[in-house]
Amino acid sequence: ISETMSTNEENKLPLNGRRAIPPNYSNDEENEVPEMEAFGLIPRGFNPRDYLRVVDIYMFKEPQEINKQEHHTDKYYNPRLIVRRGQAFQIQIDFNRPYKPETDQFWLEFLMGRYPQQNKGTYIPILVGNVLKPGQWGAKIIHRENNSIRLSIMSSTTCIIGKFRLYVAVLTPFGILRTRRNSATDTYILFNPWCQLDAVYLDDEKEREEYVLNDVGIVFHGSVEDVKSRSWSYGQFEENILDACLFLMDKAELELSGRGNPIKICRVASAVINSRDDNGVIAGSWNNVYDYGVAPSAWTGSVDILLEYYSSKQPVRYGQCWVFAGVFNTFLRCLGIPARLITNYSSAHDNNANLRLDFFLDDEGKVDTRLTKDSVWNYHCWNEAWMTRPDLPVGFGGWQVVDGTPQETSDGMYRCGPASVQAIKHGHVCFQFDAPFVYAEVNGDIFYTRMEKNGTQVVENIDTTRIGQLIVTKEVGGDGMMDITEEYKFREGSDEERLALETAVMYGVKKQSIQDTTYQPQTDVDMDFQAQKAVLGNDFKVTITFRNKSRNSYTATTYLSGNIVFYTGVTKSEFKKHSFSAKLEPSSSSSFDIVIKSSEYMSDLLEQASFHFFVTARINETGKILAVQKAVMLEIPTLRIKTKGELVAGKETSVIVEFTNPLKQTLENVTLRLEGPGVLRTIKKQFGRIPMNSTLTWEVKFTPMRPGLRRLIASLNSDALRHVYGELNVHIQKP
Numbered sequence: 001i002s003e004t005m006s007t008n009e010e011n012k013l014p015l016n017g018r019r020a021i022p023p024n025y026s027n028d029e030e031n032e033v034p035e036m037e038a039f040g041l042i043p044r045g046f047n048p049r050d051y052l053r054v055v056d057i058y059m060f061k062e063p064q065e066i067n068k069q070e071h072h073t074d075k076y077y078n079p080r081l082i083v084r085r086g087q088a089f090q091i092q093i094d095f096n097r098p099y100k101p102e103t104d105q106f107w108l109e110f111l112m113g114r115y116p117q118q119n120k121g122t123y124i125p126i127l128v129g130n131v132l133k134p135g136q137w138g139a140k141i142i143h144r145e146n147n148s149i150r151l152s153i154m155s156s157t158t159c160i161i162g163k164f165r166l167y168v169a170v171l172t173p174f175g176i177l178r179t180r181r182n183s184a185t186d187t188y189i190l191f192n193p194w195c196q197l198d199a200v201y202l203d204d205e206k207e208r209e210e211y212v213l214n215d216v217g218i219v220f221h222g223s224v225e226d227v228k229s230r231s232w233s234y235g236q237f238e239e240n241i242l243d244a245c246l247f248l249m250d251k252a253e254l255e256l257s258g259r260g261n262p263i264k265i266c267r268v269a270s271a272v273i274n275s276r277d278d279n280g281v282i283a284g285s286w287n288n289v290y291d292y293g294v295a296p297s298a299w300t301g302s303v304d305i306l307l308e309y310y311s312s313k314q315p316v317r318y319g320q321c322w323v324f325a326g327v328f329n330t331f332l333r334c335l336g337i338p339a340r341l342i343t344n345y346s347s348a349h350d351n352n353a354n355l356r357l358d359f360f361l362d363d364e365g366k367v368d369t370r371l372t373k374d375s376v377w378n379y380h381c382w383n384e385a386w387m388t389r390p391d392l393p394v395g396f397g398g399w400q401v402v403d404g405t406p407q408e409t410s411d412g413m414y415r416c417g418p419a420s421v422q423a424i425k426h427g428h429v430c431f432q433f434d435a436p437f438v439y440a441e442v443n444g445d446i447f448y449t450r451m452e453k454n455g456t457q458v459v460e461n462i463d464t465t466r467i468g469q470l471i472v473t474k475e476v477g478g479d480g481m482m483d484i485t486e487e488y489k490f491r492e493g494s495d496e497e498r499l500a501l502e503t504a505v506m507y508g509v510k511k512q513s514i515q516d517t518t519y520q521p522q523t524d525v526d527m528d529f530q531a532q533k534a535v536l537g538n539d540f541k542v543t544i545t546f547r548n549k550s551r552n553s554y555t556a557t558t559y560l561s562g563n564i565v566f567y568t569g570v571t572k573s574e575f576k577k578h579s580f581s582a583k584l585e586p587s588s589s590s591s592f593d594i595v596i597k598s599s600e601y602m603s604d605l606l607e608q609a610s611f612h613f614f615v616t617a618r619i620n621e622t623g624k625i626l627a628v629q630k631a632v633m634l635e636i637p638t639l640r641i642k643t644k645g646e647l648v649a650g651k652e653t654s655v656i657v658e659f660t661n662p663l664k665q666t667l668e669n670v671t672l673r674l675e676g677p678g679v680l681r682t683i684k685k686q687f688g689r690i691p692m693n694s695t696l697t698w699e700v701k702f703t704p705m706r707p708g709l710r711r712l713i714a715s716l717n718s719d720a721l722r723h724v725y726g727e728l729n730v731h732i733q734k735p
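If you're matching positions, the sequence shown starts at 1 in UniProt numbering and goes up one per residue.
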């Protein structure tokens, strides 16, 4: 069997002094495969029909048949055979006469791409033997009847991932006879978390069901004091999504031979998920202007985004962190890499991985927004993918951080990861890729620094606990929240935490020690800030509480600054300024309430309805400054979804989406979206306007496709109000 299948075309390739054949990174392109590959001159009387000939190949590729059932691929809405690597699958070959093992010789060939080569794993000849070795390519006959044989085929556990073309070759004395190109026998091979020898092996069945097979998930957002959640449809099994995900690897120009390695796949995918520098899937926009595109808050899942990109080949507008993470999660689960979406609350977005975010104060102790460049994101979403790390020392496999949101460049491109969570926890940030950046996102300190007139900086306050104080993901098998902060960091103030920090600093994370600065905080007074739960469009009150633990009387000049912010912590406008003098009696607490009126914030409100309050107080007797900052989220009303009658697969039914406008204004340019993986494709509907206090009702007729427990997800988007969601779990009966 030839090492490279040569064709006439290959002789005409453009010469290139560096490589014998052009780069091979398209899973879609094909080469011509000859049906008759002669060994030399063919005698005149030769008739291929005299030899063993393949009449038909049966792939057992229906969802209810053995292959898709045993390989956990029965949910893919795809007519071709889909199997997972390192696990046997069956096919049946019908010949024109009974197969005689003594004299007949045939083999299978799996090919991928335009230039199949055996040493690159893109040309795989499989001879029929007597025994299958685990984790290696092979085939054996398990049943013979009349003109048919049934084969069990084992694929390699390091096999490349993607779509292969299948040929059956028969040896004759004068040449090789091959089956004709037939796309119905194309076979997709995916990662196999069920196989112990696979790099993505996960040993817990419940976790595999969640992290590979669950096609809906939860995105946690809001702020650490007010965690909010919403559903996201991953839809990794929907029609054409598998092809779209394979296309992403072509787009990222990942050599076919590298596609068996989950580390490489994650690294290139984290770059191609965002449109910066490679025209990738999603264009980010954080400025509240979404012309010629969809607002990030309007998406209900990944399917629309991936399909639009697959057909247009142009970046889809627009995304923010949870959209990048949602689409990345779909990509990973679709290819069979266990993955989950993570939210880090109070995430440090710091430009130089130095573990220090500087908030500059002016003379009066108010935050100077002109000088302050760093920001704390209310939350930031990324992904974790599960895999071994043979490129790192033992112990750093398992969950790896990958992040598709464009924040900083890594090796010249906007990408991040995979970085071992274990390495981040222990401060071993020397191990590739991008661990120092992730370490800083979860471990920074906030420095409140006052600029003196002569240019010297005085550190007035340091907050060591705010950044990365809560890291969460969806729980396995439920919709609740699982706190995984402990996976990323040791307990605040423990010896292990200090050791991990020293290790990180040794490996090049920059940390300015507090000793460098003359910093003596006021320790005998505590200041706390609380906000009442507030519904969008209503007034609410905030409370500042001082606890004077000393025997002295103090007076505190207090400033409150209320800002409307993007969820990235960047200020759009200051809408509330309030200052007062507080008398602090010895050994006692005193509270001060401030009312925030809806008329003060409604006109400038941004889509996530989030405020950022800075409170600074100067103790007049000592000149020391206390500082606290907090994100406050408004409650946004939800959509109501209800169904009419019972839901039966294959039978038309209808669902009703309702929304009541709670604002003291008319909503303009209202768009509703509704989707449910396995139930209905996304439906969009435009409504001109919804007057105040009036209710919109939208009835959608649809026919659910598959029985089982499913989820409907809806979103409403308008000029004045975004991030409105609703969801409903539905049980679809068997017909």
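Note that the Cβ used here is the ideal one computed from N, Cα and C, for glycine as well.
Given residue i as reference, the closest of the options once Cα atoms are compared
i, options, result
"Ser285", "Gln320, Leu306, Arg276 and Ser257", "Gln320"
"residue 781", "Phe328, Tyr211 and Gln196", "Residue numbering for the chain in the displayed model covers 1 to 735; residue 781 lies beyond these limits and cannot be assessed."
"Gln665", "Pro691, Ala631, Leu634 and Cys266", "Pro691"
"Arg144", "Gln733, Phe95, Leu663 and Ala423", "Phe95"
"Leu634", "Lys572, Ser598 and Asn661", "Ser598"
"Glu65", "Gly175, Arg80 and Tyr115", "Arg80"
"Gly135", "Leu307, Leu171 and Trp194", "Trp194"
"Ile241", "Glu70, Tyr188, Arg711 and Asp524", "Tyr188"
"Tyr414", "Met112, Ser229, Ile273 and Ile641", "Ile273"
"Asn663", "Leu151, Ser257, Leu605 and Leu332", "Note on residue identity: the sequence assigns Leu, not Asn, to residue 663. Nearest option by C-alpha distance: Leu605."
"Tyr167", "Asp593, Ser183, Lys630 and Asp198", "Ser183"
"Ile57", "Lys577, Tyr309, Asn279 and Ile93", "Ile93"
"Gly569", "Thr369, Lys549 and Arg356", "Thr369"
"Gly494", "Lys425, Leu151, Ser654 and Thr622", "Sequence check: residue 494 is Ser here, not Gly. Nearest C-alpha to Ser494: Lys425."
"Arg181", "Asn548, Met36 and Ser550", "Met36"
Burial state of residue i (16 or more Cβ within 10 Å)
i, result
"Glu109", "buried"
"Thr409", "exposed"
"Ile124", "buried"
"Gln90", "buried"
"Gly562", "buried"
"Asp719", "exposed"
"Pro393", "exposed"
"Glu209", "exposed"
"Met112", "buried"
"Ser715", "buried"
8 Å Cβ cutoff met for residue i and residue j
i, j, result
"Pro315", "Val268", "no"
"Ala298", "Asn717", "yes"
"Gln400", "Ala385", "yes"
"Val200", "Pro262", "yes"
"Phe529", "Phe613", "yes"
"Tyr507", "Val429", "yes"
"Pro677", "Gly235", "yes"
"Arg85", "Ser148", "no"
"Cys245", "Cys334", "yes"
"Arg710", "Ile732", "yes"
"Val421", "Ser270", "no"
"Asn159", "Gly260", "Contrary to the premise, residue 159 reads as Cys rather than Asn in this sequence. Yes, the Cβ-Cβ distance between Cys159 and Gly260 is below 8 Å."
Spatial neighbours of residue i in its chain, beta-carbon cut-off 8 Å, leaving aside the 5 residues before and after
i, result
"Thr449", "Asp358, Phe359, Phe360, Leu361, Gln457, Val458, Val459 and Glu460"
"Glu502", "Gly427"
"Glu668", "Gly688, Arg689, Ser718, Asp719 and Ala720"
"Ser581", "Thr555, Ala556, Thr557 and Thr558"
Cut-off 6 Å between Cβ atoms - residues of its own chain near residue i, not counting five sequence neighbours on either side
i, result
"Ile471", "Asn344, Ile484, Thr485 and Tyr488"
"Pro212", "According to the sequence shown, residue 212 is Val rather than Pro. Excluding positions up to five away in sequence, the list reads Pro193, Arg333 and Pro338."
"Ser2", "For Ser2, the predicted model reports a pLDDT of 45, less than 50, meaning its position is unreliable and no value from the coordinates is stated."
Cutoff 7 Å; reference residue i; Cβ partners in own chain excluding five residues on either side
i, result
"Tyr77", "Phe237, Glu238 and Glu239"
"Val294", "Arg317 and Tyr318"
"Glu308", "Val316"
Within-8 Å CB hit, residue i to chain D
i, result
"Lys533", "In the structure shown, chain D does not exist; there is a single protein chain."
(Q) What ranges does the alpha helix (DSSP H) occupy inside the region 109-167, keeping only unbroken runs of at least 4 residues that lie completely in it? (A) The qualifying runs do not exist here; there are none.
Q. Quick one: complete alpha helix (DSSP H) runs, 4+ long, within the region 208-263?
A. Complete alpha helix (DSSP H) runs here, min 4: 241-251.
Q: May I have a chain-ordered list of the alpha helix (DSSP H) segments no shorter than 4 residues that lie completely inside the region 315-380?
A: Given a length threshold of 4 residues, each whole run of the alpha helix (DSSP H) inside the region 315-380 is given here in chain order: 321-335.
**Q.** Inside the region 623-677 only - beta strand (DSSP E) runs reaching at least 3 residues
**A.** Segments of the beta strand (DSSP E) lying fully in the region 623-677: 625-635, 640-644, 653-660 and 667-676.
**Q.** Inside the region 532-608 only - beta strand (DSSP E) runs reaching at least 3 residues
**A.** Whole beta strand (DSSP E) segments, 3+ residues: 540-548, 554-565, 571-584 and 588-596.
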